[in-house]
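Asks: Position one of the sequence shown corresponds to residue 43 (the working numbering), numbered consecutively onward.
Yeah, the Cβ is synthetic: ideal placement off N, Cα and C, and Gly gets one too.
Small disclaimer: the values here were computed from a predicted structure and weren't measured.
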Amino acid sequence: MADSLVIVESPAKAKTISKYLGKNYIVKASMGHVRDLPKSQLGVDVENNFEPKYITVRGKGDLLKDLRDASKKVKKIYLAADPDREGEAIAWHLAHYLKVALDEECRVVFNEITKQAVKEAFKKPRKINMDLVNAQQARRVLDRLVGYGISPLLWKKVRKGLSAGRVQSVAVKLVLDREKEIRSFVPEEYWTVTAHLLAEKDEPFAAKFYGYGKKKVELKSDQEVNELLDSIKGKRFTVEEVKKTDRKRNPSLPFITSTLQQEAARKCNFRAQKTMSIAQQLYEGIDLGKKQGTVGLITYMRTDSTRISPTAQDEAKQYITDQFGSSYLPSSPRVTKSKSGAQDAHEAIRPSSVFRTPDDLKGSLSRDQYRLYKLIWERFVASQMASAVMDVITADLRAGDALFRATGSKVKFPGFMKVYIEGTDDKKKEKEDDDVVIPPLEPGQVVKKKKIDPKQHFTQPPPRYTEARLVRALEENGIGRPSTYAPTLDTIQKRGYVLLEEKKFVPSELGEIVIEMISEFFPEVLNIEFTANMEQDLDLVGDGEIDWVAILDRFYEKFRERLTFAESEMAEVELQDEVSDEECEKCGRLMVYKHGRFGKFLACPGFPDCRNAKPILKSTGVVCPTCKQGEVVERKSKKSRVFFGCSRYPDCDFVSWDRPVSRPCPRCQGLMVEKKKKKESMLVCTECHYEEEKN
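(1) In angstroms, rounded to a whole number, what distance separates the CA positions of T573 and E735?
(2) Give, in chain order, every unbroken run of the alpha helix (DSSP H) that is at least 4 residues long and sits entirely within the segment 444–521.
(3) Between R289 and the rest of its own chain, which residues show a CB-CB distance below 7 Å, the 5 nearest in sequence each way excluded?
(4) Pair every Cβ in the segment 679–693 with every Cβ in the segment 706–713, then say whether three or more of these pairs are closer than 8 Å.
(5) Which of the three DSSP states, helix, strand or coil, is assigned to G189?
(6) Do you know whose CA, among R701, C707 and P708, lies nearest K718's CA?
(7) Confirm, please, whether the CB-CB distance from I340 to S394 is below 9 Å.
(8) Run the CB neighbour count on V48, radius 10 Å, all protein chains shown included, and call it buried at 16 or more, exposed below.
(9) The beta strand (DSSP E) that contains F251, what's its start and end?
(10) Between the alpha carbons of T738 and Q487, how many angstroms are there, rounded?
(11) Using alpha carbons as the reference points, say which of A71, I155, L204 and V160 lies closest to I534.
(12) Give every residue of the same chain whose Cβ lies closer than 7 Å to the Cβ of D438, excluding the five residues on either side of it in the sequence, and list them in chain order.
(13) Can you name, in chain order, every residue of its own chain whose Cβ lies under 6 Å from the Cβ of H238, other than the five neighbours on each side?
(14) Buried or exposed: where does C646 fall if 16 or more other Cβ atoms within 10 Å of its Cβ makes it buried?
(15) Give a yes or no on whether the C-beta atoms belonging to I320 and D410 are separated by under 9 Å.
(16) Buried or exposed for P688, please, with buried defined as at least 16 other CB atoms from any protein chain shown within 10 angstroms of its CB.
(17) If you draw a straight line from the C-alpha of A608 to the C-alpha of R602, how long is it?
(18) Within its chain, find whatever has a CB closer than 6 Å to the CB of E517; leave out the 5 residues flanking it on each side and keep chain order.
(19) Near L725, what residues of its chain come up, given a Cβ to Cβ distance below 7 Å and the 5 sequence neighbours on each side ignored?
(20) Please list, in chain order, all residues of the same chain as N34 whose beta carbon is under 6 Å from its beta carbon, the five residues on each side excluded.
(21) Comparing the C-beta of G586 with each C-beta of chain D, is any distance below 9 Å?
(22) Spatial neighbours of L741 within its chain, please: C-beta separation below 8 Å, excluding the five flanking residues on both sides.
(23) Leaving out five residues before and five after E620 in sequence, what residues of the same chain have Cβ atoms less than 8 Å from its Cβ?
(24) With DSSP as the reference, identify every bridge partner of H393, one or two as the case may be.
(25) Use the C-beta contact count for C730: other C-beta atoms within 10 angstroms, 16 or more gives buried, fewer gives exposed.
(26) Please classify V160 as buried or exposed, where buried requires at least 16 neighbouring CB atoms within 10 angstroms.
(27) Is the segment 507–521 touching the segment 208–216 in the sense that three or more CB pairs, one from each, lie closer than 8 Å?
(28) For G74, I'd like the list of residues in its chain whose CB is within less than 6 Å of its CB, leaving aside the five on either flank, ordered along the chain.
(29) By DSSP's criteria, E67 is part of a beta bridge. Which residues make up the other side?
(30) If you pair each beta-carbon of the segment 410–423 with each one of the segment 352–362, do three or more pairs fall below 8 Å?
(31) Buried or exposed for N176, going by 16 or more other Cβ atoms inside 10 Å?
(32) So, helix, strand or coil for S698, using DSSP?
(33) Let me know the secondary structure DSSP gives P524 once reduced to three states.
(34) May I ask which residues mark the beginning and end of the beta strand (DSSP E) holding Y232?
(35) Assuming S525 and G538 make a contact with CB atoms under 8 Å, what is their CB distance in whole Å?
(36) Would a C-beta distance cut-off of 9 Å place E389 and I362 closer than the cut-off?
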């Protein structure tokens, strides 16, 4: 008979750990939380120190009975939920149900699910940390007070089914504030003038207008451009000064939760929720075959720390030396400082062993698992490598009194860039970071003028938030914590407060109304500084420095007054559905636009008598190449992936993952589609595979 019962959250984690611990341990999964606040009521006794009223999660009765029966057959119970506040709370709830004393050393935590890490953790179990439990309770109760306080008001004054959350409301406000910036933005004109020049042996290079004399000048109008062009007409371009410098480029830090979500969005096109789901799989364990068995491939993925263990650093040092040589190591091991406000409870996200390379594991991983593991592995290895050295050349050229500047850079020593370069949201900057070669130039040298290229530009409004940008904004403002980013983004879309258009967040009319109402009556809920300070207070509760009840008491005193005032003063708002010009084919009414979890759709206003609803089809303007009758429209798969199909479906089954274009192939008249190749947009024929760059 086994001596010990080990309880984790998921079956995958249970399976992995069971193989490490052997037959003396029974390993079972709680399937997440076993107790929670009731959904049908507030579940918090605000008059009695905010005492939560926990109930068993619906559907967990049989599972809990199984755990209790198993606990009676063993001498020792270990609670091995995830190593964060939520995991600590799950362990506490299990201890309560299984009658495990709080002074018993039953809690086991490990940052990575490898044989060594798990066995070491079981050698030093500890008591349940009630400070961490109370920090989680405080967050849960605080969110419940806000949500169950404001949501019924919104149901009554706006529409049933709405909700308001402490973090989600701030996230929507960020999206709305950015939209207001875009609406009020006034573009300003500016010009660039580029001189295309030829050095000796007719080697081409480009120099941009910098200013007059030594003073930098910005060109704001075509008049100023014409004055410049007149001033350099007939003038020779002479090299005035050439500066050569070495510039160091340091590697990015290892991933934390927010940076992993951002980079996975840029490089793998993953949504935040998908990134965390795949990371969870890699953390809990992947079967690598008979020799290695099931192994956790990465460390815990909910972290705000960039810290790396000495053991992992030593492994990386050995790997880098073996693969690239000692010149690719930094002069001393890299030491990272945690940013202000970070809990720093865990290491950064890294491979559990750097010697398990992505190529070695490719056959054991799904495509998405492989792509995310490769990203994590490369980022970690690069973070432990030497800085890259760039050879930067700046050449100033004079034409009359006008100064033009040519800047080029070349990789002198690749360092970490041999393995990985961080992506960017700015595609233009990404191109500028590529090598720009300038031919050898000497002061006094006269170069040939090929052509002068003036271009008009207009300043652009700030970009709308993508998921990656919004996660970064939440993190920079101290809103939420690693475990909350993905659920927050998911919630604000499900509620219809924001829409995802071309992978960018746009506030809906509903979102604008709700935020304006909350802003008027509950300003502290939307106050970014207030919310960030609340997060810091929760961290202090976790550190045992503040009493969790005192935090809630301080917040609820004013919040209750505002609730009472809003109840009587908040005006009712009637949201009118936008009417389309499309008739319902079942009853003839004009259909209206509705907002659902997956964005806008068309629905019959005659509901519930008529339940007709259908997606909004975006036309591409391309005639279907299969049936020649319908047109190709944009659709979405069950997993919300965009594809293109015939508007006559199901009568015509034409589909394409790539966007068709209206211009036929110049070679065979076949269908041309847009494709991305090495970051460039290309037009490719589906018949003869002719291709050309997209203009």
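Replies: Let me spell this out:
(1) Within the sequence shown, numbered from 1, the residue matching residue 573 stands at position 531. Within the sequence shown, numbered from 1, the residue matching residue 735 stands at position 693. Rounded to whole angstroms, T573 to E735 spans 48 Å at the Cα level.
(2) At a cut-off of 4 residues, the continuous stretches assigned as alpha helix (DSSP H) that sit fully inside the segment 444–521 are 469–474 and 509–518.
(3) Translated into the one-based positions of the sequence shown, residue 289 becomes position 247. Hits under 7 Å: M432 and V434.
(4) Result no; under three Cβ-Cβ pairs closer than 8 Å.
(5) Mapped onto the sequence shown, residue 189 falls at position 147. It is helical.
(6) Along the sequence shown, one-based indexing puts residue 718 at 676. Nearest C-alpha to K718: R701.
(7) Position 352 of the sequence shown, counting from 1, holds the residue named residue 394. Position 298 of the sequence shown, counting from 1, holds the residue named residue 340. In terms of Cβ geometry, S394 and I340 form a close pair [threshold 9 Å].
(8) Locating residue 48 in the sequence shown gives position 6, counting from the first residue. Answer is buried; the Cβ neighbour count reaches 16.
(9) Position 209 of the sequence shown holds residue 251. Looking at the DSSP string, the run of the beta strand (DSSP E) that includes F251 is P246 to Y254.
(10) Because the chain in this structure spans residues 43 to 737, residue 738 falls outside the shown range and cannot be described.
(11) Reading the sequence shown from its first residue, position 492 is the one you call residue 534. For the residues A71, I155, L204 and V160, the minimum Cα distance to I534 belongs to L204.
(12) Along the sequence shown, read from residue 1 onward, the residue named residue 438 stands at position 396. So the qualifying residues of the chain are E282, E283, L445 and R447.
(13) The residue you call residue 238 lines up with position 196 of the sequence shown. For H238, where only same-chain residues beyond five positions count, the Cβ hits under 6 Å are A248, K492 and K493.
(14) As a working note, residue 646 is residue 604 in the sequence shown. C646 comes out buried.
(15) In the sequence shown, the residue the question calls residue 320 occupies position 278. In the sequence shown, the residue the question calls residue 410 occupies position 368. The answer is yes: Cβ separation under 9 Å.
(16) The residue given as residue 688 occupies position 646 in the sequence shown. For the sequence presented, residue 688 should be read as Cys rather than Pro. C688 comes out buried.
(17) Locating residue 608 in the sequence shown gives position 566, counting from the first residue. Locating residue 602 in the sequence shown gives position 560, counting from the first residue. The alpha-carbon separation between A608 and R602 amounts to approximately 10 Å.
(18) Locating residue 517 in the sequence shown gives position 475, counting from the first residue. Hits under 6 Å: S300.
(19) As a working mapping, residue 725 is identified with position 683 in the sequence shown. Once the five neighbours on either side are set aside, the close Cβ partners of L725 are V703, M714, E716, E733, E734 and K736.
(20) An answer regarding residue 34 cannot be provided, because it is not within the stretch 43 to 737 covered by the chain.
(21) The displayed structure is made up of one protein chain only, and chain D is not part of it.
(22) Look at the range of the chain in this structure, 43 to 737, and you will see that residue 741 is not part of it.
(23) As a working mapping, residue 620 is identified with position 578 in the sequence shown. These residues qualify, in order along the chain: V634 and Y635.
(24) In the sequence shown, residue 393 corresponds to position 351, counting from 1. First, the amino acid is wrong: residue 393 is Pro here, not His. Beta-bridge annotation (DSSP): P393 is paired with I340.
(25) The residue you call residue 730 lines up with position 688 of the sequence shown. C730 should be labelled exposed.
(26) Here residue 160 refers to the residue found at position 118 of the sequence shown. It counts as buried.
(27) Counting Cβ pairs under 8 Å, three or more are found: they touch.
(28) Numbered from 1 along the sequence shown, position 32 holds the residue referred to as residue 74. If we look at G74 and ignore the five residues flanking it on each side, its Cβ neighbours are E51.
(29) The count along the sequence shown starts at 1 and reaches residue 67 at position 25. Sequence check: residue 67 is Tyr here, not Glu. Looking at the DSSP assignment, Y67 forms a beta bridge with S46.
(30) Three or more beta-carbon pairs separated by less than 8 Å link the segment 410–423 to the segment 352–362, which places the two stretches in contact.
(31) On the sequence shown, position 134 is the one that residue 176 refers to. By the 10 Å Cβ count, N176 comes out buried.
(32) Mapped onto the sequence shown, residue 698 falls at position 656. In the structure shown, S698 falls within a strand segment according to DSSP collapsed to helix, strand and coil.
(33) Looking up residue 524 in the sequence shown gives position 482. In the structure shown, P524 sits in coil (DSSP, three-state: anything other than H, G, I, E or B).
(34) Along the sequence shown, one-based indexing puts residue 232 at 190. Y232 -> beta strand (DSSP E) spans E231 to L240.
(35) Residue 525 sits at position 483 when you count from the first residue of the sequence shown. Residue 538 sits at position 496 when you count from the first residue of the sequence shown. About 24 Å; that fails the 8 Å criterion.
(36) Position 347 of the sequence shown, counting from 1, holds the residue named residue 389. Position 320 of the sequence shown, counting from 1, holds the residue named residue 362. No. Outside cutoff.
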